Amino acid sequence: MSVVVEIVVYNIESAINAQKGGADRIELCDNPAEGGTTPSFGVMEIVRQAVSMDVYAMIRPRGGDFVYSAYEYHAMKRDLEMCKRASLDGVVLGILKPDGTLDKDRCKKLIDAARPMKVTCHRAFDVTRDPFEALEACVEVGFDRILTSGQAQTAPDGISLLTQLVQKAANRISIMPGAGINETNAKHIVDQTGAKEIHFSARQFQPSTFNSTIRFTDKLPQETGKFVANAERVRKVVEALGN
Numbered sequence: 266m267s268v269v270v271e272i273v274v275y276n277i278e279s280a281i282n283a284q285k286g287g288a289d290r291i292e293l294c295d296n297p298a299e300g301g302t303t304p305s306f307g308v309m310e311i312v313r314q315a316v317s318m319d320v321y322a323m324i325r326p327r328g329g330d331f332v333y334s335a336y337e338y339h340a341m342k343r344d345l346e347m348c349k350r351a352s353l354d355g356v357v358l359g360i361l362k363p364d365g366t367l368d369k370d371r372c373k374k375l376i377d378a379a380r381p382m383k384v385t386c387h388r389a390f391d392v393t394r395d396p397f398e399a400l401e402a403c404v405e406v407g408f409d410r411i412l413t414s415g416q417a418q419t420a421p422d423g424i425s426l427l428t429q430l431v432q433k434a435a436n437r438i439s440i441m442p443g444a445g446i447n448e449t450n451a452k453h454i455v456d457q458t459g460a461k462e463i464h465f466s467a468r469q470f471q472p473s474t475f476n477s478t479i480r481f482t483d484k485l486p487q488e489t490g491k492f493v494a495n496a497e498r499v500r501k502v503v504e505a506l507g508n
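Pasting the structure below:
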């Protein structure tokens, strides 16, 4: 059985490159400096027109933690409507309570509102207080998969917990390793954990010719270039996995 390859992308060019490299699916986001937020409706529509593979959009109204106000929650519901209008295949979301548990009530309402799109629980999972408790909560509310690094900084560091999660999930929900995955370690992670899906960026920095002395952010050199998914890096992972 082939392993599903998902590429996280932050611009239209990356989406096109992910398809050229043989990816099965993309997670479309904005704002890499904040770990990904909801992309614009215009970008959703153009990406949907530009690629034939599955397109999932991040539903995250801001950076920071995953405890959301009533206003932010309603914004997420509106963004789900935009994803449907753009004919996307799925969405990626997650809401936590202040005690570090999954907000099952609001997550379930968003999942129900998202159908028939597929729904992934994003890495909010990695900051829950108990990964096995969170796993059962994700199954209960109806998530299709969980994107996780195994509650570590990177998936290679979290490989032990990832393996346990795949076993505990027992095909009730897909466990998709992500964070720190590349062409040198993807096959090892899949072989070790038994995961059937994998998530990575394959990104490469493209410098700009613009004035590099002016910055609008102190986190990433966005004004002097951009990060773009590299089709060849995607292809190397696809080939390494035997797809």
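Residue numbering for the sequence shown follows the numbering used here, starting at 266 and increasing by one per position. Glycine included, each C-beta is placed from N, C-alpha and C at the ideal position. Predicted model only: the values in this text are computed from it and were never measured.
Check, Outcome
"Judging by CA-CA distance, which residue of Arg-350, Met-341, Asp-330, Val-406 is the nearest neighbour of Asp-391?", "Asp-330"
"With a threshold of 16 other CB atoms inside 10 Å of the CB of Ala-315, please say whether the residue is buried or exposed.", "exposed"
"Since Ser-439 sits in a beta bridge, which residues does DSSP pair it with?", "Arg-410"
"Identify every residue that forms a DSSP beta bridge with His-339.", "DSSP, once it has assigned bridges, lists no residue as partnering His-339."
"Rounded C-beta distance between Arg-350 and Asp-319? I'm assuming under 8 Å.", "Rounded, the Cβ-Cβ distance is 17 Å, inconsistent with contact."
"Have a look at Gln-284, Tyr-275, Val-273 and flag the residue whose alpha-carbon is nearest the alpha-carbon of Ala-496.", "Gln-284"
"Report yes or no: do the segment 394–411 and the segment 334–352 share at least 3 C-beta pairs separated by less than 8 Å?", "no"
"Shortest alpha-carbon distance to Pro-442 belongs to which of Lys-362, Glu-448, Thr-419?", "Thr-419"
"At what residues does the alpha helix (DSSP H) containing Lys-491 begin and finish?", "Premise fails: Lys-491 lies in the beta strand (DSSP E), 490–494, not in any alpha helix (DSSP H)."
"Just to confirm before moving on: does the CB-CB distance between Glu-448 and Val-493 stay below 8 Å?", "no"
"So what's Met-323 in DSSP terms, helix, strand or just coil?", "strand"
"Take Gln-432 as the anchor and find which of Met-382, Tyr-338, Ile-360, Gly-415 has the nearest alpha-carbon.", "Gly-415"
"Kindly indicate which three-state DSSP category Arg-290 falls into: helix, strand or coil?", "strand"
"Hey, Asp-370 and Arg-394: beta-carbon distance below 8 Å or not?", "no"
"Please report the distance separating the alpha-carbon of Ile-413 from that of Gly-301.", "Contrary to the premise, residue 413 reads as Thr rather than Ile in this sequence. Between Thr-413 and Gly-301, the C-alpha separation is close to 14 Å."
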